[in-house]
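Have a look at the structure below, then the notes.
Residue numbers (this note's numbering): 1 to 389.
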């Protein structure tokens, strides 16, 4: 072996390069991307209280927000439109606020909201007021509002499909089935009776389906971590927001409904042709359920026209996007995303309400107003889009 002499200067240079590389690698190993903010966030509105939940933004830029009463029985508006930076009761003060109108004619506790393909606003009134036992007759209903005339054009009171421990959480309206459309509602349940609820808008016919199916109920061995605290699902003793079927999204062509329990990491879907067919029983519906694979713990969910599914991720203060081929990327990560709840996607942005609901328990409330409505652009995020070749 031939040995080549190394000068002191060369040795010093090699040593300094080695030290630099070691420092670089050590730094790279200690950088945790999950702690770094990602994407841009714009504050659309800040609310001192009560906490917001549902959100809809029309193509014309009209913004609607729901403030439910099932957690805190507030006396303010339950449905508002943001007009020139101010909150206006919608569609009117006597409908949105406590009034002398019969329960079936006013809004009690607006939760999930959506737009149909003809631009009408739909909402689920869960009918629940905190501190009151059960749900009064006429309080829980599916409501449709024409945004041109600002009038209620459909209101189906939930009767046969309602349970006294129901938590009517979200809805999607499918105009491809039924003469006036079909509504799919997630009943997360305040007890242990979750189900999907199907409502024929024209006739008011309604039913609960798949109440005992694994795709609908809470995952019994579920573990989460919120605000850095690991917790396990313990039924009604669970210290974090929990429940059965919660998140809903409708395929752009209306052909499939995507859904997931709140206490779960699995995404499921069903053909709407089956769900809307009242002749099919649970066994026949269960045979058509498709397991779409794992995801994150999700409260809010929506799908854009390209079939990309947007998911809230409270555990990591994120908004994720699931592409049609199943891969995920991060649209937004920010420490201000404390329990992202309602989610609505437009052509250029994703809107999210931040109600901090995980900080509100039976005997404790550590929420810190203001509660935010934020939006983020939905252009691709290349650093998370690259796929293995």
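Beta carbons: idealized from backbone N, C-alpha and C, even for Gly.
All of these numbers come straight from a predicted model, not from anything done at the bench.
Cβ distance (whole Å) where residue 144 is taken to contact residue 104 below 8 Å: So it is not a contact: roughly 14 Å between Cβ atoms.
Contact set for residue 123: own chain, Cβ-Cβ below 6 Å, skip 5 residues either direction: For residue 123, where only same-chain residues beyond five positions count, the Cβ hits under 6 Å are 110, 113, 143.
Nearest candidate by alpha-carbon position, reference residue 82, set 72, 74, 62: 62
Cβ-based burial, residue 327 [other Cβ within 10 Å; buried from 16]: Residue 327 is exposed by the Cβ-count criterion.
Residue environment, residue 133, which counts as buried when at least 16 other CB atoms sit within 10 Å: exposed
Other residues of its chain near residue 3: CB distance less than 8 Å, five sequence neighbours each side excluded: Any reading at residue 3 must be qualified, since the residue scores a pLDDT of 48, below 50, and its modelled position is unreliable; the value itself is stated next. The answer is none, since no qualifying residue turns up.
Buried versus exposed, by CB contacts within 10 Å (16 or more), residue 294: exposed
Cβ pair residue 319, residue 43 closer than 7 Å: no
Distance between beta carbons of residue 67 and residue 52, contact taken as under 8 Å: Contact between residue 52 and residue 67 holds, with the beta-carbon distance rounding to 6 Å and staying under 8 Å.
Assigned secondary structure, residue 219 (DSSP; H/G/I helix, E/B strand, else coil): coil
Proximity of residue 168 and residue 192 at Cβ, strictly below 7 Å: No Cβ-Cβ contact shorter than 7 Å links residue 168 with residue 192.
Beta-carbon separation (whole angstroms), residue 258 vs residue 245, contact threshold 8 Å: Between residue 245 and residue 258 the Cβ distance is about 11 Å, and since that is not below 8 Å, they are no contact.
Minimum length 3: unbroken beta strand (DSSP E) runs contained in the segment 99-136: 110-115, 121-125
Contact the segment 325-345 vs the segment 264-274: 3+ CB pairs below 8 Å: no
In DSSP terms, what residue 230 is bridged to: In DSSP, residue 230 forms a bridge with 225.
Given residue 249 as reference, the closest of 340, 308, 84 once Cα atoms are compared: 308
Length of the line joining the Cα atoms of residue 162 and residue 358: Rounded to the nearest angstrom, the two C-alpha atoms are 26 Å apart.
Test item: CB-CB of residue 135 and residue 342 under 7 Å: no
4 or more residues per run - each alpha helix (DSSP H) lying fully within the segment 252-338: Taking 4 residues as the minimum length, the alpha helix (DSSP H) runs contained wholly in the segment 252-338 are 272-275, 282-286, in order along the chain.
Reduced DSSP secondary structure (H/G/I, E/B, other) of residue 49: coil
Helix, strand or coil at residue 368 according to DSSP, with G and I counted as helix: Assigned with DSSP and collapsed to three states, residue 368 falls in coil, not helix or strand.
For residue 235, three-class secondary structure by DSSP: Helix.
Straight-line gap, residue 58 to residue 211 (C-alpha atoms, nearest Å): 33 Å
Contact under 7 Å by Cβ, residue 298 with residue 247: yes
Those residues which DSSP pairs with residue 244 across a bridge: According to DSSP, residue 244 bridges with nothing at all.
Length of the line joining the Cα atoms of residue 60 and residue 347: 11 Å
Nearest candidate by alpha-carbon position, reference residue 402, set 338, 339, 332: Examination of residue 402 is not possible in this model, given that the chain is present from 1 through 389 alone.
Residue 183, buried or exposed, once every other Cβ within 10 Å from all chains shown has been counted against 16: Its Cβ being crowded by 16 or more others within 10 Å, residue 183 is buried.
Identity of the residue in 366, 126, 315, 33 nearest residue 231 by Cα: 315
Residue 77 - partner residues in DSSP beta bridges: Residue 77 pairs with nothing; no bridge assigned.
For residue 206, the residue or residues it bridges with in DSSP: 199
Sheet register partners of residue 182 (DSSP bridge): 174, 200
Residue-chain proximity (residue 196, chain B), Cβ-Cβ < 7 Å: Absent from the structure is chain B; it holds one protein chain and no more.
Limits of the unbroken alpha helix (DSSP H) element including residue 154: Counting along the chain, residue 154 falls outside any alpha helix (DSSP H), though it belongs to the beta strand (DSSP E) covering 151-157.
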